[in-house]
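Here the numbering used here is used: the first residue of the sequence shown is -16, the next is one more, and so on. Even glycine gets a Cβ: it sits at the ideal position worked out from N, Cα and C. Note that the coordinates shown come from a computational prediction; the quantities given were computed from them, not determined experimentally. These notes are about the structure you will find just below.
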Amino acid sequence: MEYNPHRSEYWDERAFEENMKLAFDVCNGCRLCYNLCPSFPELFQIVESYDNDAAKVTRQEMDRVADLCFQCKLCYMKCPYIPPHRYDLDFPRLMLRSKALRVKARGLSRSDQFLGNPERVGQMGQMAPGLANWSVKNGGMRRLMERMYGIDRRRHLPRFAPRRFSEWVKRHSAPALPPLEEVDVVLFSTCTVEYHEPGIGQAALEVLRHNNIRAAVPPGQRCCGMPALDGGDMEGAIRRAKENVDILAPYARAGKTILALQPTCALLIKQDYPTLVPGEEAQMVARQTQDLTQYLADQMKRGALKKSFVASPGPVTYHLSCHTKAQGIRRAAKDLLESIDGCQVEMVDRCAGIDGTWGLKAQYYDEAIKVSAKLTERFQARHDTAACSDCALAGLQIETVTDAPPVHPVQLLAKAYGLEGGAS
Ligand code: SF4
Ligand code: SF4
């Protein structure tokens, strides 16, 4: 199977269809993933309609299965046939290849152009955040957005912050960018934090400073590239990944830890940048990148974080996001938060059904709500507990049905320390 977009085989339609037919045949025989997402039931139904002969599946049917994949990566974690097995099956990457080939042949849809470029959306919203926030709540504007960009009118969308995270950094750091030798860790802030949730970045910087960990936020960072990949814009994803590698490589080379503030971005940098950007630098960046919560949990465990708190979050209902799990992280938030006196964490290990841009689209909204039903039921049933998730996009799904947006673990930690960036 070919997963490297820099090889010509990746873009060969016939080779791709052969790979897909093999994958369909293997999955149809295996069926371990039957209940993970809508892709697999669709796949089984298609193959069964040909008397289990996957060789007869058409390109349009392959597209249907690929369109139902929202890149949660749960099947990859479960699959016994991932590389280096001889089947060499990486089902989520094969679905991305399907979309990339389609975009190469037919171009990007208007919806994927819009959703694949969160920086442009963020910059537009930041010109007049009040107006932008009114628009995302206004019924008429939402109908227009649904018609123009395919974003479901019922979906809660991220609010635009009054000020960008990078502006806050400039005002609260002197110098704004310390010299490399005076830095312990660098933050990869992510579009979510830059335009919508600067409180996560503020809490991260304050918690790190409180614990004498010197942090820098290098300017010029781009979107990690995942929203572009989601829509099949491989060229856009590669371009963004390359720019981020150029910015982060000097820190990685000097052995600094790169802390990604959102799990999807951390996962992409760690697992995909070495393929998207050929060469040693992307590999170094991938090796040095960690999820913020994992880093803090490790530091707490080794006694490098202070344990004197002024408050406790009390009981917490925590959502374990798919992309946190896909990084091999399960207990980090629980361990971190339970080091605060009086804090007990109930972990909800259920998919939110958004994973990028999929759950925002009108044609998948109802499926996304079904996928996330067990998660949202648990959050609806909680009483007097703090709602928490590393993933702000998953938080949107929780907010859609509970009207209570969860906060990032670092915000609860900052509040427990009595720092300004703590969740209010
Ligand atoms: S990555 Fe998730 S959504 Fe995609 S096929 Fe696998 S389980 Fe389904
Ligand atoms: S992705 Fe792997 S585990 Fe899932 S159905 Fe296919 S072969 Fe089985």
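Exercise for the section: Spell out a yes or no on whether the stretch 192 to 208 and the stretch 163 to 173 are touching, meaning 3 or more CB-CB pairs, one atom from each, closer than 8 angstroms. Expected result: yes
Problem - Start and end residues, beta strand (DSSP E) containing ASP229 - result: Taken as a continuous stretch (DSSP letters only), ASP229 belongs to no beta strand (DSSP E), being part of the alpha helix (DSSP H) at 217 to 236.
Practice task
Could you name the residues that DSSP lists as bridge partners for ALA198?
Solution key: VAL168
Exercise for the section: Label THR340 either buried or exposed according to how many other C-beta atoms from any shown protein chain fall within 10 Å of its C-beta, with 16 as the threshold for buried. Expected result: buried
Practice task
Could you tell me how far apart the beta carbons of ALA399 and ALA294 are, in whole angstroms, since I believe they sit closer than 8 angstroms?
Solution key: 5 angstroms
Problem - Where the beta strand (DSSP E) containing VAL328 begins and where it ends - result: 327 to 331
Exercise for the section: Closer than 8 angstroms by C-beta to ARG136: which residues in its own chain qualify, once you throw out the five before and the five after it? Chain order, please. Expected result: GLY122, ARG125, ARG126, MET128, GLU129 and ALA345
Problem - Through-space distance from ASN2 to VAL393, alpha-carbon basis - result: 42 angstroms
Exercise for the section: Can you tell me which of ARG192, GLY133, PRO66 and VAL176 puts its alpha carbon nearest to the alpha carbon of SER156? Expected result: ARG192
Handout entry: Presumed contact (8 angstroms Cβ cut-off) between GLN380 and ALA335, rounded CB distance
Key = 4 angstroms
Exercise for the section: Ignoring anything shorter than 4 residues or poking outside the stretch 93 to 172, list the alpha helix (DSSP H) runs there in chain order. Expected result: 93 to 98, 101 to 110, 112 to 120, 122 to 132 and 148 to 155
Exercise for the section: Give me whichever residues DSSP pairs with ILE241 in a beta bridge. Expected result: VAL169 and THR272
Practice task
Keeping to the same chain, check which residues put their C-beta closer than 8 angstroms to that of LYS39; ignore five residues upstream and five downstream.
Solution key: TYR33
Practice task
Please classify TYR278: is it buried, with 16 or more other beta-carbons within 10 angstroms of its beta-carbon, or exposed?
Solution key: buried
Practice task
Return the Cβ separation of LEU91 and VAL9 in integer angstroms, given the expectation that the two are a contact with Cβ distance under 8 angstroms.
Solution key: About 30 angstroms; that fails the 8 angstroms criterion.
Handout entry: Per-residue DSSP class, three states only, for PRO75
Key = helix
Problem - Residue from PRO141, VAL166, GLU(-4) and LEU19 whose Cα sits closest to the Cα of ALA83 - result: GLU(-4)
Handout entry: ARG14 to PHE23 span [Cα, whole Å]
Key = 8 angstroms
Exercise for the section: Give me whichever residues DSSP pairs with TYR301 in a beta bridge. Expected result: MET330 and CYS371
Problem - Span of the alpha helix (DSSP H) around SER22 - result: 22 to 32
Problem - Environment of ALA88 [buried if 16+ CB atoms lie within 10 Å] - result: exposed
Practice task
Pick helix, strand or coil for LYS344, following the three-state DSSP scheme.
Solution key: strand
Exercise for the section: Quick one: give me the first and last residue of the alpha helix (DSSP H) that TYR400 is part of. Expected result: 392 to 400
Exercise for the section: Assuming GLN185 and CYS374 form a contact by the criterion Cβ under 8 angstroms, report the distance between their Cβ atoms to the nearest whole angstrom. Expected result: Wrong, their Cβ atoms sit about 18 angstroms apart, outside the cutoff.
Problem - Proximity of ALA377 and ILE337 at Cβ, strictly below 8 angstroms - result: yes
Problem - Reduced DSSP category for GLY12 - H, G, I as helix; E, B as strand; rest coil - result: helix
Handout entry: Cβ-based burial, HIS68 [other Cβ within 10 Å; buried from 16]
Key = exposed
Exercise for the section: Could you name the residues of the same chain whose beta carbon sits closer than 7 angstroms to that of LEU19, not counting the 5 residues immediately before and after it, in chain order? Expected result: LEU57 and CYS58
Exercise for the section: Quick one: residues in its chain with C-beta nearer than 6 angstroms to the C-beta of ALA265, no 5 flanking neighbours on either side, listed in chain order? Expected result: VAL228, TYR256 and PRO257
Handout entry: Heavy atom of ligand 1 within 7 angstroms of GLN394 beta-carbon
Key = no
Handout entry: Nearest-angstrom Cβ-Cβ length linking TYR(-14) and ARG76, presumed shorter than 8 angstroms
Key = 4 angstroms
Problem - As assigned by DSSP and simplified to three states, the class of VAL176 - result: helix
Practice task
Verify the contact flag: TYR64, CB atom, against every heavy atom of ligand 2, threshold strictly below 7 angstroms.
Solution key: yes
Practice task
Report, in whole angstroms, the separation of the C-beta atoms of GLY208 and ARG223, which I expect to be a contact under 8 angstroms.
Solution key: 4 angstroms
Practice task
For ASP50, count neighbouring Cβ atoms within 10 angstroms of its own Cβ and tell me buried if that reaches 16, exposed if not.
Solution key: buried
Handout entry: Expected contact under 8 angstroms - CB spacing of ASP213 and VAL86 to nearest Å
Key = With 8 angstroms as the limit, ASP213 and VAL86 do not qualify as a contact, their Cβ atoms being about 11 angstroms apart.
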